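Visitor: Convert by adding 3 to the 1-based position in the sequence shown; the result is the number in the working numbering.
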Amino acid sequence: MKITIIGTGYVGLVAGACFADAGNQVLCLDLDAAKVAQLNAGGIPIYEPGLEAVVRRNREAGRLAFSTDVAASVAHGELQLIAVGTPPDEDGSADLQHVLAAARAIGRHMDGYRVVVDKSTVPVGTADKVRAAIAEELARRGVQHPFSVVSNPEFLKEGAAVEDFMRPDRIVIGADDARASELLRSLYAPFQRNHERILLMSVRSAELTKYAANAMLATRISFMNELANLAERLGADIEEVRKGIGSDPRIGFDFLYAGAGYGGSCFPKDVKALLRTGDEAGRPLALLGAVEQVNEAQKHVLGTKIKAYFGAGLAGKRIALWGLAFKANTDDMREASSRALIADLLAGNAARRGELVPLLMDYHFVEPVPVAAAYPAGRHRMAKVRAFIDFLVERFSGQPWSQLEAKAEDRHASASTAD
Ligand code: NAD
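(1) Heavy atom of ligand 1 less than 7 Å from the Cβ of threonine 11, yes or no?
(2) Any contact of the region 194-208 with the region 171-182, i.e. 3+ C-beta pairs under 8 Å?
(3) Using DSSP bridges, identify the partner residues of valine 119.
(4) When the Cα atoms are used, what is the spatial distance from serine 225 to threonine 129?
(5) Excluding the five sequence neighbours on either side, which residues of its own chain have a C-beta within less than 6 Å of the C-beta of valine 152, listed in chain order?
(6) I want to check one thing, is the minimum distance from the CB of aspartate 131 to the heavy atoms of ligand 1 below 7 Å?
(7) For methionine 204, report the span of its beta strand (DSSP E) as first-last.
(8) On a Cα-Cα basis, can you pick out the residue from Phe69, Ala74, Ala216, Asp273 that is closest to aspartate 114?
(9) Rounded to whole angstroms, what's the CA-CA distance from cysteine 21 to lysine 302? Just pull it up for me.
(10) Please indicate yes or no: does the CB of histidine 79 lie closer than 7 Å to some heavy atom of ligand 1?
(11) Work out the CA separation of phenylalanine 256 and alanine 36 for me, nearest whole Å.
(12) Just to confirm the assignment: which complete beta strand (DSSP E) runs, minimum length 3, are found wholly within the region 214-268?
(13) Suppose the cutoff is 6 Å on Cβ atoms and the five residues either side in sequence are ignored; what does the same chain contact list for lysine 246 look like?
(14) Does the Cβ of valine 87 lie closer than 7 Å to at least one heavy atom of ligand 1?
(15) With DSSP as the reference, please indicate the residues paired to serine 184 in a beta bridge.
(16) Roughly how many angstroms lie between the CA atoms of arginine 279 and leucine 290, to the nearest whole one?
(17) Run the CB neighbour count on aspartate 24, radius 10 Å, all protein chains shown included, and call it buried at 16 or more, exposed below.
(18) When the Cα atoms are used, what is the spatial distance from asparagine 228 to glycine 264?
(19) Mind checking which residues open and close the beta strand (DSSP E) that includes isoleucine 322?
(20) Hey, out of Ala343, Asp347, Arg188, Leu327, whose CA is closest to leucine 318's CA?
(21) Scan the region 275-343 and note each continuous alpha helix (DSSP H) run of 4 residues or more that stays entirely inside, going in chain order.
(22) Measuring only from the beta carbon, is aspartate 257 closer than 7 Å to any heavy atom that is part of ligand 1?
(23) May I ask you to list the residues that DSSP assigns as paired with cysteine 31?
(24) Helix, strand or coil for proline 271 per DSSP?
(25) Pop quiz: alanine 328 and aspartate 335 are said to be a contact at Cβ under 8 Å. What is the actual Cβ separation, rounded to whole angstroms?
(26) Can you tell me which of the three DSSP states alanine 97 falls into?
(27) Is lysine 38 near ligand 1, in the sense that its beta carbon is under 7 Å from a heavy atom of that ligand?
(28) So, are the CB atoms of proline 156 and lysine 213 less than 8 Å apart?
(29) Let's see if you can read the secondary structure: which residues bound the beta strand (DSSP E) around glycine 177?
(30) May I have the straight-line CA-CA distance separating arginine 182 from isoleucine 137, to the nearest angstrom?
(31) By DSSP, does proline 193 sit in helix, in strand, or in coil?
(32) Once the 5 residues before and after arginine 188 are set aside, which same chain residues still bring their CB inside 6 Å of it?
(33) I need the straight-line Cα distance from arginine 236 to aspartate 167, nearest angstrom please.
(34) So does serine 268 have its beta carbon nearer than 7 Å to some heavy atom of ligand 1?
(35) Compute the distance between the beta-carbons of threonine 7 and leucine 30, then report whether it is under 8 Å.
(36) Count the other C-beta atoms from every protein chain shown that fall within 10 angstroms of the C-beta of leucine 159, then say buried if there are 16 or more, exposed otherwise.
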């Protein structure tokens with residue numbers, strides 16, 4: 004099948020590469036010209052185990068290509084999968100501007116039947132908005148082409164994205180018409196040879212299912228974090244408690260770990276968006292509100308402990324943080340709990356702002372060391388780390404990164420040689 008993926012990020016790139024691996028002709032569109040150039044040059048903009056090899060073999064086989072050409076991308080695939088970002092808006096709701104821009108681009112250029120697949124995580128009712136945006140563009144052009152809008156939320160986990168995509172535990176398809184659902188069924192056929200994994204449902208149920216899944220997982224994390232804090236106060240060990248409850252099959256062992264709070268590009272924004280949906284629908288989600296509150300507090304538990312331990316001695320301490328990404332096996336720093344911890348440490352250091360730069364420099368060079376060995380394209384990760392440092396520097400010292408960059412590059416050069 005010929006398919007187009009709109010948005011070549013964590014989801015779009017993994018989906019595109021895996022669909023190509025199943026024998027499809029895949030064109031991945033992105034507006035980020037630098038990202039597309041990097042991919043066309045054989046680079047990979049993100050770290051995800053196994054992804055590089057899948058992308059390489061399918062590019063080499065001519066089944067996977069990357070482009071910034073919107074018209075050519077809409078012309079390419081009968082299936083148009085939208086996998087652009089849906090970041091939180093100011094009020095917590097999902098910002099649909101990228102999804103609707105992609106829908107309008109499809110409407111502006113389509114020249115025949117298209118199945119538009121919402122793969123991004125989007126609130127209930129988004130498929131209707133996508134449908135309206137496409138219809139509006141077609142009307143503006145004075146043309147009529149048939150199209151379907153389908154919801155096919157993605158459940159892959161960063162850090163195991165290729166594995167999850169190749170062997171999904173379920174494939175949720177929300178479709179209201181048979182022609183579209185049959186196309187999706189053929190698309191996913193190679194991913195469910197072992198047994199039926201497709202759950203066909205209404206579009207709205209599919210949209211809600213994705214949020215419900217992430218909200219449930221976030222709830223387990225906050226539950227365990229709250230219990231861990233109580234266990235500490237009571238002299239119990241949360242690890243022992245975890246084993247004690249996980250052995251009950253109704254509870255299970257997965258996703259029961261206490262820690263520094265959930266982060267990442269999905270849980271925080273999806274919890275916020277679902278809370279917003281509940282408010283807007285006149286059915287506020289009290290339990291989920293508490294999940295978010297507990298998580299926000301949890302991100303500061305470690306910082307508070309460190310401050311309590313060192314007291315005034317924290318000022319000027321050189322601290323190395325290991326494991327900055329929001330979880331293992333990814334380079335994704337979005338909403339990582341380490342950000343809150345670093346911010347707390349820097350705030351604790353506020354009286355000695357002069358120490359800020361050395362601290363950041365050390366942080367900058369501690370992190371890539373284990374990465375460089377496992378991940379040769381470490382430069383990209385450096386850019387991400389730098390963007391994060393930029394944020395910190397701006398927030399805590401007002402010093403622009405440009406003043407620090409030359410020095411950082413020097414140190415990076417010597418650190419790389421040392422590897
Ligand atoms: P991302 O930020 O990594 O990638 C989004 C890409 O879309 C970017 O490269 C951006 O340049 C591109 N883009 C934006 N507007 C575009 C447009 N109009 N045309 C073409 N390209 C455009 O995002 P992501 O992490 O891949 O997430 C994408 C969606 O999938 C989100 O809704 C997210 O909630 C959902 N999701 C993410 C994960 C995950 O683990 N990251 C898992 C499941 C679902």
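We put the CB at the ideal spot given by N, CA and C, even for glycine. As the structure is a prediction and not an experimental result, all values here were calculated from the model.
Guide: Reading from the atomic positions:
(1) Using a cutoff of 7 Å, the CB of threonine 11 counts as near ligand 1, since one of the ligand's heavy atoms is closer than that.
(2) Between the region 194-208 and the region 171-182, the count of Cβ pairs shorter than 8 Å is three or higher; the stretches touch.
(3) Gln83, Val152.
(4) Here the C-alpha atom of serine 225 lies approximately 28 Å from the C-alpha atom of threonine 129.
(5) Closer than 6 Å at the Cβ level, and outside the excluded window around valine 152, lie Val119, Ala130, Val133, Arg134.
(6) Answer for aspartate 131: no, Cβ out of range of ligand 1.
(7) DSSP places methionine 204 in the uninterrupted beta strand (DSSP E) bounded by 201-204.
(8) Ranking Phe69, Ala74, Ala216, Asp273 by Cα distance to aspartate 114 puts Ala74 first.
(9) One alpha carbon belongs to cysteine 21, the other to lysine 302, and they sit about 35 Å apart.
(10) Answer for histidine 79: no, Cβ out of range of ligand 1.
(11) Between the alpha carbons of alanine 36 and phenylalanine 256 lies a gap of roughly 43 Å.
(12) Entirely contained in the region 214-268, not one beta strand (DSSP E) run reaches 3 residues.
(13) There are no such residues.
(14) At least one heavy atom of ligand 1 is nearer than 7 Å to the Cβ of valine 87, so yes.
(15) The partner list for serine 184 (beta bridge, DSSP) is empty, contrary to what the question assumes.
(16) C-alpha separation (whole angstroms): 13 Å.
(17) With 16 or more other Cβ atoms within 10 Å, it is buried.
(18) Each residue's alpha carbon lies about 7 Å from the other.
(19) Here isoleucine 322 belongs to no beta strand (DSSP E), and DSSP marks it neither H nor E.
(20) In the sequence under discussion, the amino acid at residue 318 is alanine, which differs from the leucine named in the question. Of the listed residues, the one whose Cα sits closest to alanine 318 is Asp347.
(21) With a minimum length of 4 residues, the continuous alpha helix (DSSP H) runs that stay inside the region 275-343 are 289-301, 304-313.
(22) No.
(23) Looking at the DSSP assignment, cysteine 31 forms a beta bridge with Ile8, Phe69.
(24) Helix, per DSSP.
(25) Yes, they are in contact, since the Cβ atoms of alanine 328 and aspartate 335 sit about 6 Å apart, within 8 Å.
(26) It is a strand residue.
(27) At least one heavy atom of ligand 1 is nearer than 7 Å to the Cβ of lysine 38, so yes.
(28) Their beta carbons are under 8 Å apart, which means proline 156 touches lysine 213 by this criterion.
(29) Start and end: 174-177.
(30) Rounded to whole angstroms, arginine 182 to isoleucine 137 spans 18 Å at the Cα level.
(31) Here proline 193 sits in helix by DSSP.
(32) Excluding sequence neighbours, arginine 188 sits near nothing in its chain.
(33) Taking the straight line from one Cα to the other gives about 38 Å.
(34) It does: the Cβ of serine 268 is within 7 Å (strictly closer) of some heavy atom of ligand 1.
(35) Contact check for threonine 7 against leucine 30 passes: the beta carbons are separated by less than 8 Å.
(36) Its Cβ being crowded by 16 or more others within 10 Å, leucine 159 is buried.
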